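Reading through the structure tokens given below for one structure.
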């Protein structure tokens, strides 16, 4: 009854908007009479944590989008549970701008870094919920041919990173931020050929039907 | 003259944006000199009603999106009336962030809970207006094969829930919130096979033409 | 080189966002200690002009979207000029939330009603610029078979309504608002069969190729 | 594994939202008791730099969208690097509202004009990064048949304009703004036939496969 086209469109829409409203963190400073470029520049320099948290969240969201894209692409069958689990995932994704703004405003405090990790953990948990549901419903999904991509260890283990970052916040929040910054760097540098079936990762062309892959 | 593709795209766009601007309710608190994590955490705890109203509205919107998706999917014919009725529906959907913000800010007051119910009622009324219009124009819509799905009682009765919730607000707004929270839970837990034609609900694959279902 | 699919997607995106950010006009009022439902309700009643300007702008935008949809649907050929003219149209459409907010905040003043009319006029002028460009490039567009739909009088005359509304604002802004409210009502009630070619308006099915219409 | 459809949808979404949130720069002025149309009009006149910076950014974004559209249209193969480079490009595009707002608020200062140029430079650098990556992966891209479209000089040279504008800001920011305003005017007036392969620029119809062009 339901097709994945509109589910993807809704997800793309939500992620695109989350990406873009991150810029609303940047506030135009109010200058007093007699103030000018020097004060504006100094206010910009003081807002560099806002820039950094913007960059981190933007790249982390691109990684989420890429994972979601790759997971949904090979899916043929969706149902009400898919929509529900996808909705829960989007609900946590849409929260990301809040801890991002907190972290940009109060970089020296622990609570923003912890909240950022908790939201990341919830995004991850809901993503893997959706992931394992989709692999169960779509038995011929390319991911299922890879042992570590379907095991509890091979998927949920990623979430330990967020737990570690939350723990680091109790030492210093700067360490947590370093972990958050490392997440997209790791994802873009990692060679993924060992994780995805070789045939799927070599042929990147637009293939309407996945049957030709076998 | 008009195709449903762009109508769905516009609706997906509006719902995706409504979902995402719900996060703008979360305001970064202003800390005074000397305040730190304790004050930030305590301000977060005090904003838990904001979190709750965010979660409720997000899930209710996913339910609306799912209903709209399912209704439009089997539609072949749209006209100016469809666009007008769909526009009215989106107009009320787009209002949801306002009572959500009010309810998050003043959880102990009655007016936010009442306004939330009134907006919900208007969303529902405009949805069923669109629903019955579409079933009239598309005589072979799968929903028409189910008696309760086309009867006044089987559709508009859902709206009584919002009327009850509005009534509850005069006792205590917390009771209304409980009803609003129950709506998405009910929708995701209910077995829908009895409501949708069996052939339609069993085959969830992407089917460009619906004729093959008969 | 360019396809209309992404041009439509961009336009749908912009219009969906404009529709949705209209709700940001509604501000959560700040209550003092001791204030409650009575004050919240009275603040809501005082914001009824905001509700009215929201409804008018929402419906006017739906009318713009419908016109844009219908115009683009039968278009086969786009070029850089199309993108430029469409961009100018979207630029004025995206301004609508500003005079809407002004009109909601200061309903008794003349300037908001005048600015609303000026923006409406600019939307209309850029729309008809795009309209006549597209009909020139796509000689077999269904609109070209209707004399009044291609004449200067038959299209640009619509803009006189905005000029009249701007003039009315110098008497009283409430008269202008009445004209703005009348625009979508007129568009949804008017019988359009005489304007669109009969074959095009009768067959509303999804037709990938338009050639079958001849 | 990945198709360009959703990459285009995400990019369209981000650019549509950036275009639309530019209007949030326009703030409803607060009138004191006894103030009316005169004060509202005078406040509007003082905000003309906001209008100008809105128009410039809107048109520059339409040019970026057009370039991105044209580049992606002929692409058949995308991979993780594409998504990463496209993400970096969108990250800088999504920043544009901030220097736009600064420039509208403080048109007489140098820093906003410089920051606007720096963001423009970063948009351009990331665009050409994506550009040369895509031409390397898609060897039959129409752009590759044109010598100047693939040379370092023919592409990166465009960025010199932003460097010049940044330099001008040290004389007067109004000169920089003139350069920024000239960018979209240049792009829309330039004859592009000499740059795109003739066959590609003449046939503007929707062509699902590009093979028929050869």
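Protein chains in written order, with this note's numbering: chain A, 1 to 214; chain B, 215 to 428; chain C, 429 to 642; chain D, 643 to 856. Just so you know, even glycine gets a beta-carbon here, dropped at the ideal spot from N, CA and C. Remember, predicted model here, so these are calculated numbers, not experimental data.
Does the Cβ-Cβ distance between residue i and residue j come in under 8 Å?
i	j	result
residue 436 (chain C)	residue 220 (chain B)	yes
residue 239 (chain B)	residue 269 (chain B)	no
residue 90 (chain A)	residue 233 (chain B)	yes
residue 742 (chain D)	residue 664 (chain D)	yes
residue 753 (chain D)	residue 40 (chain A)	yes
residue 150 (chain A)	residue 135 (chain A)	yes
residue 124 (chain A)	residue 166 (chain A)	no
residue 811 (chain D)	residue 755 (chain D)	yes
residue 485 (chain C)	residue 547 (chain C)	no
residue 217 (chain B)	residue 501 (chain C)	yes
residue 61 (chain A)	residue 92 (chain A)	no
Between which two residues does the alpha helix (DSSP H) containing residue i stretch?
i	result
residue 276 (chain B)	262-287
residue 824 (chain D)	815-831
residue 565 (chain C)	538-565
residue 748 (chain D)	First-last for residue 748 (chain D): undefined, no H or E at that position.
residue 594 (chain C)	588-597
residue 568 (chain C)	Unbroken run through residue 568 (chain C): none, as it is neither H nor E.
residue 366 (chain B)	366-370
residue 675 (chain D)	Unbroken run through residue 675 (chain D): none, as it is neither H nor E.
residue 86 (chain A)	80-93
residue 446 (chain C)	432-449
The ligand FMN and residue i: does the residue's C-beta get closer than 7 Å to at least one heavy atom of that ligand?
i	result
residue 308 (chain B)	Within the structure as shown, the ligand FMN is missing, as the structure has no ligands at all.
Out of the options, which one is the CA nearest neighbour of residue i?
i	options	result
residue 591 (chain C)	C:571, C:560, C:543 and C:510	C:543
residue 701 (chain D)	C:516, C:576 and C:474	C:516
residue 139 (chain A)	A:75, A:147 and A:48	A:75
residue 572 (chain C)	C:439, C:555, C:499 and C:594	C:499
residue 461 (chain C)	B:251, B:247, B:393 and B:320	B:320
residue 217 (chain A)	B:218, B:280 and B:251	Examination of residue 217 (chain A) is not possible in this model, given that chain A is present from 1 through 214 alone.
residue 736 (chain D)	A:17, A:179, A:147 and A:183	A:17
residue 63 (chain A)	D:775, D:720, D:726 and D:706	D:726
residue 48 (chain A)	A:103, A:147 and A:69	A:103
residue 229 (chain B)	B:267, B:351 and B:281	B:281
residue 606 (chain C)	C:472, C:480 and C:463	C:480
residue 133 (chain A)	A:61, A:78, A:35 and A:44	A:78
residue 826 (chain D)	D:728, D:740 and D:707	D:707
residue 686 (chain D)	C:489, C:514 and C:526	C:526
Is it buried or exposed, residue i, if we count other Cβ atoms within 10 angstroms and call 16 or more buried?
i	result
residue 655 (chain D)	buried
residue 688 (chain D)	exposed
residue 828 (chain D)	exposed
residue 458 (chain C)	exposed
residue 171 (chain A)	exposed
residue 604 (chain C)	buried
residue 455 (chain C)	exposed
residue 621 (chain C)	Low confidence applies here, because residue 621 (chain C) scores a pLDDT of 49, under 50, leaving its location unreliable; read the following figure in that light. Classification of residue 621 (chain C): exposed, given that the 10 Å Cβ count is below 16.
residue 580 (chain C)	exposed
residue 768 (chain D)	buried
residue 438 (chain C)	buried
residue 374 (chain B)	exposed
residue 585 (chain C)	exposed
residue 148 (chain A)	exposed
residue 684 (chain D)	exposed
Which residues of chain A have a Cβ atom closer than 8 Å to the Cβ of residue i, listed in chain order?
i	result
residue 247 (chain B)	Simply none; closest approach about 13 Å.
Residues of chain A with CB under 9 Å from residue i, in chain order?
i	result
residue 237 (chain B)	18, 21, 94, 95, 96, 97 and 98
residue 748 (chain D)	28, 31, 36, 37 and 40
residue 334 (chain B)	Per Cβ cutoff of 9 Å: no residues; residue 334 (chain B) is ~18 Å from chain A at best.
Could you list which residues in chain D have their beta carbon closer than 7 Å to that of residue i, in chain order?
i	result
residue 10 (chain A)	Here the premise fails: no neighbours, minimum Cβ distance about 11 Å.
Report the neighbours of residue i on chain B: residues whose CB is nearer than 9 Å to its CB, in chain order.
i	result
residue 483 (chain C)	305
residue 487 (chain C)	298, 301, 302 and 305
Note down, in chain order, every chain B residue with its Cβ under 8 Å from the Cβ of residue i.
i	result
residue 217 (chain A)	In the structure displayed, chain A extends from 1 to 214; residue 217 (chain A) sits before or after that span and is not available.
residue 571 (chain C)	The contacting residues do not exist; residue 571 (chain C) stays about 10 Å from chain B at best.
Using a Cβ cut-off of 8 Å, pull out every chain C residue sitting near residue i, in sequence order please.
i	result
residue 353 (chain B)	Per Cβ cutoff of 8 Å: no residues; residue 353 (chain B) is ~14 Å from chain C at best.
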